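> Here's a structure for you.
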Amino acid sequence: MSKELAKSYEAKKYEDEIYKHWEKSGFFQPEINKNAEKSYTIVLPPPNVTGTLHMGHAGMLAYEDVLTRFHRMNNFKTLWLPGTDHAAIATQTKVEKIIKEEGTSRHEMGREKFLDRVRQFAQDSHDTIVNQCKKMGSSLDWSREAYTLDETRERAVNSVFKMMYDDGLIIRGERVINWCPRCHSTLADDEVEYKENKTKLYYFKYSKDFPITIATTRPETKLGDTAVAVNPKDDRYKDFIGKTFEVDFVGLKLNIKIIADRHIEMDFGTGALGVTPAHSMVDWQMAEENNLETIKVINEDGNIHEGFGEYSGLSAKEAQKKVVENLEKAKLIEKVEEIDNNLSLCYRCDTPIEPLPSLQWFIDVNKKLDKFDGKSIKEISVQAVKTGVFGREKINIVPNRFEKTYFNWMENLRDWCISRQIWFGHQVPVWYKDNETYCGITPPEGDGWIRDEATLDTWFSSGLWTFSTLAQKPDDIRIENDKLMIDTDDFRNFHPTQVLETGYDILFFWVARMIIMTTYAIKDIPFQDVYLHGLILDDKGKKMSKSKGNVIDPLDMIPKYGTDATRLSLLIGCTPGTDLKISEEKIESFRNLVNKLWNVSRYILQNANIKSQNNLSNIKIKECTLSDKWILSETISLTKTVSNYIRGYQFSLAGEELRDFTWNKLADWYVEASKFENSSQKEEVLSFVLTTLLKLWHPYIPFVTEIIWKEISDTDLIIESWPSETDFNNEWVKFSEKGISEQFKLIQEIIESIRNARSENKVEPSKKVKAIIYAGDKIDLIKENNILLKSLRTGIEDLEIKENGEKIEGEIHGSIEGIEFYLIGAIDQEKEAERIKKEIANLEKMIEMIKSKLDNKAFVENAPEEIVNAEKEKLSKYKEELNKLK
RNA sequence: GGACGGCUAGCUCAGUUGGUUAGAGCGCUACGUUGACAUCGUAGAGGUCACAAGUUCAAAUCUUGUGUCGUCCACCA
Numbered sequence: 054m055s056k057e058l059a060k061s062y063e064a065k066k067y068e069d070e071i072y073k074h075w076e077k078s079g080f081f082q083p084e085i086n087k088n089a090e091k092s093y094t095i096v097l098p099p100p101n102v103t104g105t106l107h108m109g110h111a112g113m114l115a116y117e118d119v120l121t122r123f124h125r126m127n128n129f130k131t132l133w134l135p136g137t138d139h140a141a142i143a144t145q146t147k148v149e150k151i152i153k154e155e156g157t158s159r160h161e162m163g164r165e166k167f168l169d170r171v172r173q174f175a176q177d178s179h180d181t182i183v184n185q186c187k188k189m190g191s192s193l194d195w196s197r198e199a200y201t202l203d204e205t206r207e208r209a210v211n212s213v214f215k216m217m218y219d220d221g222l223i224i225r226g227e228r229v230i231n232w233c234p235r236c237h238s239t240l241a242d243d244e245v246e247y248k249e250n251k252t253k254l255y256y257f258k259y260s261k262d263f264p265i266t267i268a269t270t271r272p273e274t275k276l277g278d279t280a281v282a283v284n285p286k287d288d289r290y291k292d293f294i295g296k297t298f299e300v301d302f303v304g305l306k307l308n309i310k311i312i313a314d315r316h317i318e319m320d321f322g323t324g325a326l327g328v329t330p331a332h333s334m335v336d337w338q339m340a341e342e343n344n345l346e347t348i349k350v351i352n353e354d355g356n357i358h359e360g361f362g363e364y365s366g367l368s369a370k371e372a373q374k375k376v377v378e379n380l381e382k383a384k385l386i387e388k389v390e391e392i393d394n395n396l397s398l399c400y401r402c403d404t405p406i407e408p409l410p411s412l413q414w415f416i417d418v419n420k421k422l423d424k425f426d427g428k429s430i431k432e433i434s435v436q437a438v439k440t441g442v443f444g445r446e447k448i449n450i451v452p453n454r455f456e457k458t459y460f461n462w463m464e465n466l467r468d469w470c471i472s473r474q475i476w477f478g479h480q481v482p483v484w485y486k487d488n489e490t491y492c493g494i495t496p497p498e499g500d501g502w503i504r505d506e507a508t509l510d511t512w513f514s515s516g517l518w519t520f521s522t523l524a525q526k527p528d529d530i531r532i533e534n535d536k537l538m539i540d541t542d543d544f545r546n547f548h549p550t551q552v553l554e555t556g557y558d559i560l561f562f563w564v565a566r567m568i569i570m571t572t573y574a575i576k577d578i579p580f581q582d583v584y585l586h587g588l589i590l591d592d593k594g595k596k597m598s599k600s601k602g603n604v605i606d607p608l609d610m611i612p613k614y615g616t617d618a619t620r621l622s623l624l625i626g627c628t629p630g631t632d633l634k635i636s637e638e639k640i641e642s643f644r645n646l647v648n649k650l651w652n653v654s655r656y657i658l659q660n661a662n663i664k665s666q667n668n669l670s671n672i673k674i675k676e677c678t679l680s681d682k683w684i685l686s687e688t689i690s691l692t693k694t695v696s697n698y699i700r701g702y703q704f705s706l707a708g709e710e711l712r713d714f715t716w717n718k719l720a721d722w723y724v725e726a727s728k729f730e731n732s733s734q735k736e737e738v739l740s741f742v743l744t745t746l747l748k749l750w751h752p753y754i755p756f757v758t759e760i761i762w763k764e765i766s767d768t769d770l771i772i773e774s775w776p777s778e779t780d781f782n783n784e785w786v787k788f789s790e791k792g793i794s795e796q797f798k799l800i801q802e803i804i805e806s807i808r809n810a811r812s813e814n815k816v817e818p819s820k821k822v823k824a825i826i827y828a829g830d831k832i833d834l835i836k837e838n839n840i841l842l843k844s845l846r847t848g849i850e851d852l853e854i855k856e857n858g859e860k861i862e863g864e865i866h867g868s869i870e871g872i873e874f875y876l877i878g879a880i881d882q883e884k885e886a887e888r889i890k891k892e893i894a895n896l897e898k899m900i901e902m903i904k905s906k907l908d909n910k911a912f913v914e915n916a917p918e919e920i921v922n923a924e925k926e927k928l929s930k931y932k933e934e935l936n937k938l939k
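Counting with our numbering, you get residues 54 to 939 for the letters of the first sequence.
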């Protein structure tokens, strides 16, 4: 009857085979639960095809797999949909770096050849990523895999673009945008990063006859100044406001108007700002308000434009040097100060950003739309999280505090620049011919149309991800009744999705944009819940990076400790929205836990005829021992606790409960007890407990549980079902009310107390002793469980149980909950006296505390009665124990 | 400048309506190998819950302030 498992669990022997088996079984596809009423959908945040997955991805896969497996086992029509993101700029930049090392550039290669190269790179990355996802055990439905740049997703992108274009939401215009001179592309506001650095602040006048000294860190841009702005309250400059001066600035003629703007800080520099409309966002706005001329100084390569005399053609840096030199020659510089400044950098290549005016495509986030009752897409997106839209409950962000962050960002959102000048991405679906412009989902008829060269911000396509992935082919997507239709069963079945699980670092980049794009396009929310995880850091709390050499690669950990242990290290100890430190040591300790489960199972399978046993009806409760009933009740409450924690995204707490049960309850107590107790119900009880435990563990550690399961059931997979919570309730009531858990706890405490007494008295572990117990009214309970008291490492060979009796002088003595025990013939007088002294001191301290509490009239009067009574009860119990000890 | 978060045992962190002597894992100390497991077992040490004031019969928990570390947003010419 015994079944043999290996002595320890060697993960890598089994994992790949098990994964293949799952894939073949069809359980990763929602059709397996097709009769289910409710569906449960998560779309995988598509990893960028820029390389390989890291620990952060591993965490994401683990959290989502837990949710997916849990809901699948609970008979939801469950879909976890995989895909990858072309990640426009990121991928192009990466490939550009590679070909640079090969001595060429994208301009030398030409658009089509370069794009072929990028596609090849993306394909290789994709294959690696898919393989890594499988290694992590992710139960993704690969039959539905999507890509942000495939044909179907392109149709979605073009369709939404056209809708927005027709609604006047997408507009083309010349504005100052963030320009990366290296990428040769625009960047959205949130793609700009800031780095602190020291910069020189130059104080000077444009010319000798100009009355105001200005201060700037970018003297070269002053070639394009058309105004000086001062604070209207600033008495120093009040009289100049409105006047215009013609100046000769280092050899160039400028017309400078003095304007007032309340945003100017009087304390900074001289309180006077040289306004350069073409190369500063703020200045551009002032220019609009004051009808100032815009002079472009810096071109898209970061060099000075034609028409600036000796400066033309110089790089910004060179021009700065020359301007400063000329100012010095003219003795116009008053002082140079070193200040802390924030340098704007491109988030992809760290090149300093050059703000400049450029003809680009924007989404107008503030335009009021009739189809949304006069609300803007921004307002709809705020409402979706605040109160709910389109008849849906409000979107719930976990942890809740990020909702505030979301509102703050959304309310301050400015128009979104969606066009990029890179090649890799969705090309803007707009064509020009002579003076005509055509925007359409497919190219226009006729000759001579030229397509707009710009491509779209990568977040435009990923913003459509929850619904675009539910189309199977381009023709599934069409515009109907002013909204986007996805005409598939998948869309009808699986949208909106239940939860979007992702890192808090892309709340704005992605989550917010999905809400904007989805509510606009399909008039529905993309997801009901947002679960945000933290970043995975190294053991010192630093970001992992190759240059620091502190990277822990999941693919190194998996062969070493197993996928299950790697997953646990990401699931236990993590709190929503909070960063998680991880170390190899931690993963190792979870390997030990997995092995413990393996060995408990191994023992149980060796010693009992275990079969899959999902309900309690085969167990004759009357024939159960106390420990049997105890472990059953613990198993049932574990089922409830774990289910509730997972539903509430409390992955860590659920994991800790499972660990505590497995190690501290099942292995340390019940299995030990079962070695000595004779009970006709042992096999049934063990079958039920093991069946339930393996299932409850399965979402966390799918591999090891599935392997052990194979020994229990040859016909089905563990992946199939979750232990029922409701069936248990009725069964459980039958014996839960009798205080099983308190009774067993008492036995545990007596045993621990005896072990403790032996240990403190330095009694040799191998020394057998006689014990006498005065059990009082608990005599039946103690007698019933005398076998446990004798067997569980108490070293008792002869046990006498009486209701009460005389004090026995000179022997080890202990008392707990009114029950007294003596260990005969093992004493070390000194040690025992010391131990009892300690215990007495402790009790006296406790009694003192409770007394002072009860003496406090205010407490007795104000506190709820049950709390006061509990204190009183405790007091008398402690007093009794104290007397006995004395 | 604005906001948010952390500060609990040597380390990593739980602690969800304020109510037993504040918990877990790892580490540490002592002892132990009886056939599931040394990837193990038993026992133990270890905390003024960052600080201060307040509310309350009662505060790790609520309020205010301070310190400190970290993050995000805005951006300074």
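Each residue gets a CB set at the ideal place from its N, CA and C atoms; glycine is no exception.
All values derive from a computational prediction rather than experimental measurement.
1) Can you name, in chain order, every residue of its own chain whose Cβ lies under 8 Å from the Cβ of VAL335, other than the five neighbours on each side?
2) Given a cut-off of 8 Å, decide if VAL119 and PRO752 are closer than it, judged by their beta-carbon atoms.
3) Where do the N-terminal and C-terminal ends of the beta strand (DSSP E) with CYS492 fall, by residue?
4) Among all the DSSP beta bridges, which residues are the ones paired with GLN413?
5) Quick check: what's the CA-CA separation for ASP23 versus TRP502?
6) Give me, in chain order, the residues of the same chain whose beta-carbon lies closer than 8 Å to that of SER55; leave out the 5 immediate sequence neighbours on both sides.
7) Please tell me whether TYR875 and ILE889 are closer than 8 Å, where the distance is taken between their beta carbons.
8) By DSSP, does MET54 sit in helix, in strand, or in coil?
9) Can ALA282 and VAL328 be called in contact, C-beta distance under 8 Å?
10) How far does the beta strand (DSSP E) with VAL283 in it reach, from first residue to last?
11) Check for me: the alpha helix (DSSP H) holding THR744 runs from which residue to which?
12) Go ahead and label TYR584 buried or exposed: buried means 16 or more other beta carbons lie within 10 angstroms of its beta carbon, across all protein chains shown.
13) Note down the Cα distance separating VAL300 from ASP417, rounded to an integer number of angstroms.
14) Assuming ILE835 and ILE854 are in contact, meaning their beta carbons sit under 8 Å apart, how far apart are those beta carbons, in whole angstroms?
15) By Cβ distance, which residues of its chain are closer than 7 Å to GLU198, with the 5 residues on each side in sequence left out?
16) Sorted by chain position, which residues of the same chain lie with C-beta nearer than 8 Å to ILE872's C-beta, five sequence neighbours on each side aside?
17) Cβ atoms of ARG206 and SER514: under 8 Å apart, would you say?
18) Using the Cα positions of TYR255 and CYS399, report the straight-line distance between them to the nearest angstrom.
19) What residue does the alpha helix (DSSP H) around TRP133 start on, and which one ends it?
20) Nearest to GLU70 by alpha carbon, out of LYS188, GLU57 and GLY112?
21) Would you check if the distance between the CB atom of THR239 and the CB atom of ARG473 is smaller than 8 Å?
22) What does LYS388 pair with, by DSSP beta-bridge criteria?
23) Fully enclosed by the region 402 to 470, which alpha helix (DSSP H) runs are 4 residues long or longer?
24) Taking buried to mean at least 16 other C-beta atoms within 10 Å of its own C-beta, is PRO496 buried or exposed?
25) So, for LYS843: in the same chain, excluding its five sequence neighbours on each side, which residues have a beta-carbon less than 7 Å away from its beta-carbon?
26) Looking only at its own chain, which residues have a Cβ that is under 8 Å from the Cβ of ARG712, when we skip the five neighbours before and after it?
27) Under a Cβ-count criterion, where at least 16 other Cβ atoms within 10 Å of its own Cβ denotes burial, should ARG122 be classed as buried or exposed?
28) Suppose only complete runs of 4+ residues qualify. What are the alpha helix (DSSP H) ranges in the region 501 to 585, listed by chain order?
29) Taking the C-alpha atoms as reference points, what is the distance between VAL245 and SER598?
30) Assess, as a yes-or-no matter, whether the region 616 to 623 is touched by the region 754 to 764 under the definition of 3 or more beta carbon pairs within less than 8 Å.
31) Please name the residue in MET319, ASN343 and LYS639 whose C-alpha comes closest to that of GLY5.
32) Please go through the same chain and pick out, in chain order, the residues whose beta-carbon is closer than 6 Å to the beta-carbon of GLU359, but skip the five residues on each side of it.
33) CB PRO272 to CB LEU380, shorter than 8 Å?
34) With a 10 Å radius around its C-beta and 16 neighbouring C-beta atoms as the bar for buried, classify GLN413 as buried or exposed.
35) Less than 8 Å separating the beta-carbons of GLU737 and SER680?
36) Give me whichever residues DSSP pairs with THR269 in a beta bridge.
Quick look at the numbers:
1) If we look at VAL335 and ignore the five residues flanking it on each side, its Cβ neighbours are HIS316.
2) Less than 8 Å divides the Cβ of PRO752 from the Cβ of VAL119.
3) Run containing CYS492: 489 to 492, per the beta strand (DSSP E) assignment.
4) DSSP lists GLY226 as partners of GLN413.
5) The structure shown has nothing for residue 23, since the chain only spans 54 to 939.
6) Any reading at SER55 is ruled out, since the residue's pLDDT is 47, under 50, leaving its predicted position unreliable.
7) Cβ atoms of TYR875 and ILE889: not closer than 8 Å.
8) Residue placement at MET54 cannot be trusted, given a pLDDT of 38 that sits under 50; what the coordinates show is reported in the next sentence. Looking at MET54 - three-state DSSP - the assignment turns out to be coil, as it is neither helix nor strand.
9) Yes.
10) Annotation: the continuous beta strand (DSSP E) that includes VAL283 extends over 280 to 283.
11) Following the DSSP letters along the chain, one finds THR744 inside the alpha helix (DSSP H) bounded by residues 735 to 750.
12) By the neighbour-count definition (other C-beta atoms within 10 Å, threshold 16), TYR584 is a buried residue.
13) Rounded to the nearest angstrom, the two C-alpha atoms are 38 Å apart.
14) Rounded, the Cβ-Cβ distance is 5 Å, consistent with contact.
15) Cβ within range, chain order: PRO135 and GLY136.
16) Taken in chain order, the residues that qualify are LEU799, ILE803, ILE826, TYR827, ALA828, GLY829, LYS831 and ILE835.
17) Contact: yes.
18) The alpha-carbon separation between TYR255 and CYS399 amounts to approximately 25 Å.
19) For TRP133, no alpha helix (DSSP H) run applies; the uninterrupted beta strand (DSSP E) run containing it begins and ends at 130 to 134, by DSSP.
20) The shortest Cα separation from GLU70 among LYS188, GLU57 and GLY112 belongs to LYS188.
21) Yes, Cβ-Cβ distance for THR239 and ARG473 is below 8 Å.
22) Under DSSP, LYS388 shares a beta bridge with TYR256.
23) You should have 430 to 439 and 455 to 464.
24) Under this definition PRO496 is an exposed residue.
25) Excluding positions up to five away in sequence, the list reads ILE849 and LEU852.
26) These residues qualify, in order along the chain: ILE625 and LEU646.
27) That one is buried.
28) Listed in chain order, they are 511 to 515, 518 to 521, 542 to 547 and 566 to 575.
29) About 21 Å.
30) Contact annotation: the region 754 to 764 touches the region 616 to 623, with at least three C-beta pairs closer than 8 Å.
31) The requested residue 5 is not part of the displayed model; the chain covers only 54 to 939.
32) If you ignore the 5 residues before and after GLU359, its C-beta comes within less than 6 Å of the C-beta of SER365, all in its own chain and listed in chain order.
33) Contact: yes.
34) With 16 or more other Cβ atoms inside 10 Å of its own Cβ, GLN413 counts as buried.
35) It is not a contact, given that the beta carbons lie outside the stated cut-off.
36) DSSP output for THR269 lists TYR255 as bridge partner(s).
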